[in-house]
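Just so we're aligned: the sequence shown equals residues 1347 to 1517 in the working numbering.
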Amino acid sequence: MLSKEEVEAYAKEYYVPIYKYCFYFLSNKEDAEDATQETFVVFSKKGHLIDEKHVVTWLFRTAHNMILRQYKKRYTKTNQECVFDEALLEASQKFISFEEEMVSYYGERHIQEVYSRLNDREKELFDLYSDGTLKTGQISNLLGIDPHTCSMRKKRLKEKCREIMLEILFY
């Protein structure tokens, strides 16, 4: 976990590299500045949640998300297609695995916050599923639902928990 001073030090050290990264993909000074500033706004809010060993990768992943937002803004302004180049697509694929690793790594720390955002039906399934001792068929019998329905609910629950963790860590 980073202190406020460490967050500020990282912001000073990595502002220029993040800006260059944004500019490389956006090819527009104003958009690159906006994406860079938005990255560090999020970092100032979420930096205390991150271990020091993940900071640099987290910064570049968040900057990448801001680049994608800029592409979306361009598209909505012009109602024309914005071309995603191969380098951007490749970078997106690399960062997806980083996000998954971050969700796994920080999941236990933020399990209570994730749990608090679930509705009652999701909490019930979460309690049964997270125990790890019950199989899908047993859970479906306890809930009085079809095994396929139970399997689909588990899949949606995992995705929702993942999205909540991404929101906690990145957005």
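Glycine is no exception: its CB is placed at the ideal position from the N, C-alpha and C atoms.
- A distance of 8 Å or more separates the beta carbons of Leu-1395 and Tyr-1360.
- Leaving aside the five residues that flank Ile-1514 on each side, the residues in its chain whose CB is nearer than 6 Å to its CB run, in chain order, His-1456.
- Distance check between Cys-1507 and each of Val-1401, Phe-1472, Val-1353 places Phe-1472 closest, using alpha-carbon atoms only.
- DSSP places Gly-1490 outside both helix and strand once states are collapsed to three, so it counts as coil.
- Contact annotation: the segment 1405-1418 touches the segment 1362-1381, with at least three C-beta pairs closer than 8 Å.
- Look at Leu-1480 here: in three-state DSSP terms it is coil, with no helix or strand label.
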